[in-house]
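**Q** Protein chains in written order, with the working numbering: chain X, 6 to 108; chain C, 152 to 244.
The beta-carbon is built from N, C-alpha and C at its ideal position, and this holds for glycine as well.
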Amino acid sequence: MTEAELSPWVAVPAAILLISGGLLTLIGTVGLLRLRSFYARMHAPTMGATLGTGCVIVASMLVSSAITHRPVIHELVISAFLTMTAPVTAILLMRAARSRAKD
Amino acid sequence: MNQLFDLAAGFAALCFMVAMSLALVRVFRGPRAHDRVLAFDTLYITGMLTLLTIGIRARSTVYFDMALLIALFGFIGSTALAKFLLRGEVIEP
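#1: So the candidates are L194/C, H185/C, A184/C, S211/C; which of them puts its Cα closest to the Cα of T30/X?
#2: Taking C-alpha atoms, which residue in T212/C, D186/C, E240/C, T204/C lies nearest to L158/C?
#3: Within its chain, find whatever has a CB closer than 7 Å to the CB of M25/X; leave out the 5 residues flanking it on each side and keep chain order.
#4: What does I205/C touch in chain X if you count any residue whose Cβ is under 8 Å from its own?
#5: List, in order along the chain, the chain C residues whose C-beta lies closer than 8 Å to that of M47/X?
#6: Please name the residues in the stretch 164-177 of chain C whose beta-carbon is closer than 7 Å to at least one beta-carbon of chain X, in chain order.
#7: Using 7 Å as the threshold, is the C-beta distance between V68/X and A19/X below it?
#8: Compute the Euclidean distance between the alpha carbons of G161/C and L97/X, then round it to the nearest angstrom.
#9: With V241/C as the anchor, note down where its alpha helix (DSSP H) starts and where it stops.
#10: Note down, one range per segment and in chain order, each alpha helix (DSSP H) of at least 4 residues found wholly within the stretch 26-68 of chain X.
#11: Taking only the alpha-carbon atoms, compute the straight-line gap between D192/C and P244/C and give it to the nearest angstrom.
#12: Can you find a C-beta in chain X that's less than 7 Å from the C-beta of T150/C?
#13: Less than 7 Å between CB atoms is the rule here; does L236/C satisfy it with respect to chain X?
#14: Kindly list, in the order they appear in chain C, the residues whose Cβ is closer than 9 Å to that of P92/X.
#15: Under 7 Å, CB to CB, which of the residues in the stretch 22-55 of chain X have a partner in chain C?
#16: Against chain X, with Cβ distances strictly below 7 Å, would A217/C count as a contact?
#17: Taking the CB atoms as reference points, tell me whether A170/C and F86/X lie closer together than 7 Å.
#18: Using the C-alpha atoms, what's the distance from A54/X back to G27/X?
#19: Let me check understanding here. Comparing Cα to Cα, which of H74/X, M89/X, A101/X lies closest to S12/X?
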């Protein structure tokens, strides 16, 4: 599976970033399951959408750059796309919840 | 060192899978429709992260394109669902 040996200077930060991203996303989703009202539940999974995605994307950039011996930054496309689209979805959902709470 | 890194990537993928199943529980349990849409939103973001982590572990760039497509279509899907909940129509004349 691993034909390219990673140097410890890449493997250790990437491992730390992956573990922290996974834990942050898990904590956010536990909040989605356990919080009481919809408005409180709204902001829990954004932890995974911002910090978790950021950690995983930086780890992916590190590993691909180390494997191909050149800087690989095309993972930033996903990061920029999520940064643009997550607030739009959040605003639309919040407006839908407010208009449905009235009737 | 590489075994340690693979272990960390596997742990992250496991975390994402547990997070996806928790979001799926919220999809089935959610008291109202916007709760389910929010859980679907979380579900596609976490699935995208799982694909990215599997791609890191396999040292392959094929998974990146799939993750990009999931991000694109997941945004379109949740926006359409939220717009439908808001107005009762997705595309208004």
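**A** Taking the coordinates as given:
#1: In terms of CA proximity to T30/X, L194/C leads the group L194/C, H185/C, A184/C, S211/C.
#2: Among T212/C, D186/C, E240/C, T204/C, the Cα nearest to that of L158/C belongs to T204/C.
#3: Note that residue 25/X is Ser in the sequence shown here, rather than Met. Shown here for S25/X: same chain residues with a beta carbon closer than 7 Å to its own, the five before and five after excluded, namely C60 in chain order.
#4: Ordered by position in chain X, no residue passes the 8 Å Cβ test against I205/C, which lies about 11 Å from the chain.
#5: Within chain C, the C-beta atoms nearer than 8 Å to that of M47/X come from L189, in chain order.
#6: Cβ contacts with chain X come from C166, F167, V169, A170, L173, A174, V176, R177.
#7: In contact: V68/X and A19/X (Cβ atoms closer than 7 Å).
#8: Each residue's alpha carbon lies about 35 Å from the other.
#9: In the DSSP annotation of this structure, V241/C is not part of any alpha helix (DSSP H), being labelled neither H nor E.
#10: Counting whole runs of 4 or more residues, the stretch 26-68 of chain X contains the alpha helix (DSSP H) stretches 43-47.
#11: Distance from the CA of D192/C to the CA of P244/C, rounded to the nearest whole angstrom, comes to 26 Å.
#12: With chain C covering 152 to 244 only, the question about residue 150/C has no answer from this structure.
#13: Under the Cβ criterion of 7 Å, L236/C is counted among the residues facing chain X.
#14: Neighbours of P92/X on chain C: none; closest Cβ ~11 Å, over 9 Å.
#15: Considering only beta carbons, the part of the stretch 22-55 of chain X lying closer than 7 Å to chain C consists of L23, I24, G26, G27, L28, T30, L31, T34, V35, L37, L38, F43, R46, M47, P50, G53, A54, in chain order.
#16: The sequence given here places Met at residue 217/C; Ala does not occur at that position. No - not a single Cβ of chain X is within 7 Å of the one on M217/C.
#17: The Cβ atoms of A170/C and F86/X lie no closer than 7 Å to each other.
#18: One C-alpha to the other measures close to 11 Å.
#19: Checked all of H74/X, M89/X, A101/X; the closest Cα to S12/X is H74/X.
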